[in-house]
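Asks: First residue of the sequence shown: 1193, per our numbering; consecutive thereafter.
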Amino acid sequence: MTDRLVIFDTTLRDGEQSPGASMTREEKIRVARQLEKMRVDVIEAGFAAASPGDFDAIRAIAETLKDTTVCSLARASESDIERAGEAIRPAPRKRVHTFIATSPIHMEKKLRLSPDQVVEQAVKAIGWARRYTDDVEFSAEDAGRSELDFLCRVFEAVIKAGANTINVPDTVGYNLPNQFAETIRQLLERVPNADKVIWSVHCHNDLGLAVANSLAAVQAGARQVECTINGLGERAGNASLEEIVMTVRTRADIFPVDTRIDATQIVPASKLVSQITGYPVQPNKAIVGANAFAHESGIHQDGVLKHRETYEIMRAEDVGWTKNKLVLGKHSGRNAFKSRLAELGIVLESEETLNTAFTRFKELADKKHEIFDEDLQALVSDETILPAQEYYKLNYSRVSSETGETPHAQVTLSMDGQERQAEADGSGPVDAAFKAIEQIADSGTKLLLYSVNAITTGTDAQGEVTVRLARGERVVNGQGADTDIVIASAKAYLNALNKLRSSQDKVNPQV
Ligand code: KIV
Ligand code: ZN
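(1) CB TYR1503 to CB GLY1490, shorter than 9 Å?
(2) Output the boundary residues of the beta strand (DSSP E) element that contains PHE1372.
(3) Taking TYR1584 and ALA1662 to be in contact with their CB atoms under 8 Å, please state how far apart those CB atoms are, rounded to whole angstroms.
(4) Only counting runs of 4 or more residues, tell me where the alpha helix (DSSP H) segments fall wholly within the segment 1635-1679, in order along the chain.
(5) Can you give the beta carbon distance from HIS1289 to GLU1329, rounded, assuming they're within the 8 Å contact cut?
(6) May I ask you to list the residues that DSSP assigns as paired with THR1442?
(7) For a test of the three-state rule: what should DSSP assign to PRO1361, helix, strand or coil?
(8) For TYR1366, does the three-state DSSP call read helix, strand or coil?
(9) Helix, strand or coil, according to DSSP, for THR1551 in the structure here?
(10) Within this structure, are the beta carbons of ALA1624 and VAL1659 separated by less than 9 Å?
(11) Between GLY1319 and ALA1279, is the Cβ-Cβ spacing less than 9 Å?
(12) Taking 9 Å as the threshold (beta carbon to beta carbon), is SER1619 in contact with chain B?
(13) Does the beta carbon of HIS1561 fall short of 8 Å from some heavy atom of the ligand KIV?
(14) Are there 16 or more other CB atoms within 10 angstroms of the CB of LYS1463, so buried, or fewer, so exposed?
(15) Which residues share a DSSP beta bridge with CYS1419?
(16) Use the C-beta contact count for LEU1257: other C-beta atoms within 10 angstroms, 16 or more gives buried, fewer gives exposed.
(17) Output the distance between the C-alpha atoms of GLY1664 and ALA1254, rounded to the nearest integer angstrom.
(18) Measuring alpha carbon to alpha carbon, tell me which of ALA1628, ALA1266, ASP1608, GLY1596 ends up nearest ARG1590.
(19) Need the endpoints of the beta strand (DSSP E) that ASP1614 sits in, please.
(20) Is ASP1445 near the ligand NAP - that is, is its Cβ less than 8 Å away from at least one heavy atom of it?
(21) Mind checking whether the beta-carbon of GLN1702 lies closer than 8 Å to any heavy atom of the ligand KIV?
(22) Where does ARG1287 sit, in a helix, a strand or coil, going by DSSP?
(23) The ligand KIV and PRO1211: does the residue's C-beta get closer than 8 Å to at least one heavy atom of that ligand?
(24) Taking the alpha-carbon positions, what's the SER1392 to ASN1669 distance?
(25) Counting only runs that start and end within the segment 1445-1475, where is the beta strand (DSSP E) found for 3 or more residues in a row?
(26) Report the three-state DSSP secondary structure of LYS1585 (helix, strand or coil).
(27) Below 7 Å CB to CB, which residues in the same chain sit around ILE1577 once its five sequence neighbours on both sides are set aside?
(28) Do you know offhand how far SER1524's Cα is from LEU1401's?
(29) Determine, using beta carbons only, whether VAL1480 and ILE1453 come nearer to each other than 9 Å.
(30) Which residues in the same chain as PHE1626 place their Cβ atom closer than 6 Å to its Cβ, once the five residues preceding and following it in sequence are excluded?
(31) Per DSSP, what are the beta-bridge partners of ASP1195 in this structure?
(32) Go through its chain and collect everything with a Cβ distance to ARG1415's Cβ below 8 Å, but skip five positions before and after it.
(33) Could you tell me if ALA1580 is buried or exposed, where buried requires 16 or more neighbouring beta carbons within 10 angstroms of its beta carbon?
(34) Do the segment 1648-1657 and the segment 1597-1608 touch if we need at least three Cβ pairs shorter than 8 Å?
(35) So, at 8 Å on beta carbons, what are the nonlocal neighbours of LYS1286 in its own chain, with the 5 sequence-adjacent residues on each side left out?
(36) Mind checking whether SER1593 and GLN1671 have CB atoms under 9 Å apart?
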């Protein structure tokens, strides 16, 4: 008998708590669409009470998704739960996920509540959540360092109050696999009505054990795993979705569970999240790293050529790796362009956006004769900022870089519709371009990250640039792509400045 393992993706909530990984509403919708295409069961779309921007993004995702359950996190307070309930209202399938800390250190030092008060608040929270949906999840924050007897007491009370998924987070990534599995076993045995609910785990990776702990919990009876694409998440991150899904599938001889995930969507999801957040995927990362299926040594290559299974336990194509495929060229029409985007799961909201994207596609096709899926994805991500929100726009740039000479940049921007020009020297052409932009924008920001990646192979490939800027507490990622990396860099810088103008302050649920 194979049970369903529920995959609960929290890339848009815990993942977004990674420093600097904040996403705009449009970016979140794109990730949510990709997750639904991958057939994730539940998407934690955000923490509605964090900010009006978070609320709007969850609401938009709730209006967009049809099949996947849309969930919002909420602290165990009436106002948080009301925001969560309102945000998910339009979704055909919706869940409120409420939590309160249960470890002695969190109760005493952070919440300043007694254990009795925590139980009382948790029970009330379930009642508030059930006003909005029958699908209510409860988490005992820092369960990994909570006393087992107290966990049993809280869980018994919230099940009685109507929670139907009980989540056991190892919030600080402190547990070891055998110890965590034993906790789950004990809870399943001791909590009354444990068989009426789904037991879930949410493991952090502080000791590099998030996936191991989650899988040990599954062996002990957990039937939901909370995870993120590329293992993104607070501090060292969460359990990585791709590793969980592919382990239970590849070792079906050990795990009596399966998921409904379409694994061929894993690599596209990984690339999308990496591109949007500016968090690169390490080349040797399991499943989604560029080298995950590359055989370097002669002995391995020889073995794989003779019989693939000698060195491969999974097939690259089963998790969505494809050879760079020529998809479109300069003679492709608007319909071919639109339908290839649709095949990639990209829906451009308006005709106007589609037209702009198509014009950019034609410009790109003139410079670069072969257009791959990755080029289309980058091109469309440029489109996520609609003209109305483009306060800064690059109109012109001229950059000189010559042996023995100081690099120099001249840029013309449109700033709120007004044309402005500046020029500056720099230590390199990108530095000169950024300095020239700053002469106009005078943004008062600090550059935290600058990275360039070639989107496809070949020297005519587009460079995809991520720029992370901070101003005070706010951190944003800007992206830009172009066959000219100085232009890609300038676009990424301006994209970050535009986002900074529209981003809103938000609170972290656990603070
Ligand atoms: O790590 C954690 O405890 C959480 C909870 C809010 C589920 O993210
Ligand atoms: Zn967490």
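Even for Gly, the Cβ is constructed at its ideal location relative to N, Cα and C.
Note that this is a predicted model, so its numbers are computed, not measured.
Replies: Taking the geometry as given:
(1) no
(2) Counting along the chain, PHE1372 falls outside any beta strand (DSSP E), though it belongs to the alpha helix (DSSP H) covering 1369-1382.
(3) So it is not a contact: roughly 17 Å between Cβ atoms.
(4) none
(5) 4 Å
(6) Beta-bridge pairing links THR1442 to no other residue.
(7) strand
(8) coil
(9) helix
(10) no
(11) no
(12) Reference to chain B is not applicable here, since this structure consists of a single protein chain.
(13) no
(14) buried
(15) ASP1201
(16) buried
(17) 31 Å
(18) ALA1628
(19) The sequence as given places Ala at residue 1614; Asp does not occur at that position. 1610-1617 is the span of the beta strand (DSSP E), which, as asked, contains ALA1614.
(20) Only the ligand KIV and the ligand ZN can be found as ligands here, which leaves the ligand NAP out of the picture.
(21) yes
(22) strand
(23) no
(24) 32 Å
(25) none
(26) strand
(27) Because ILE1577 sits at a pLDDT of 40, beneath the cut-off of 50, its placement in the model cannot be relied upon, and the point is left open.
(28) 48 Å
(29) no
(30) TYR1685
(31) VAL1449
(32) ASP1195, ARG1196, LEU1197, VAL1198, ILE1390, TRP1391, SER1392, VAL1449
(33) Low confidence applies here, because ALA1580 scores a pLDDT of 42, under 50, leaving its location unreliable; read the following figure in that light. Per the 10 Å Cβ criterion, exposed.
(34) no
(35) ALA1254, THR1261, VAL1262, CYS1263, ILE1280, TYR1324, THR1325, ASP1327
(36) no
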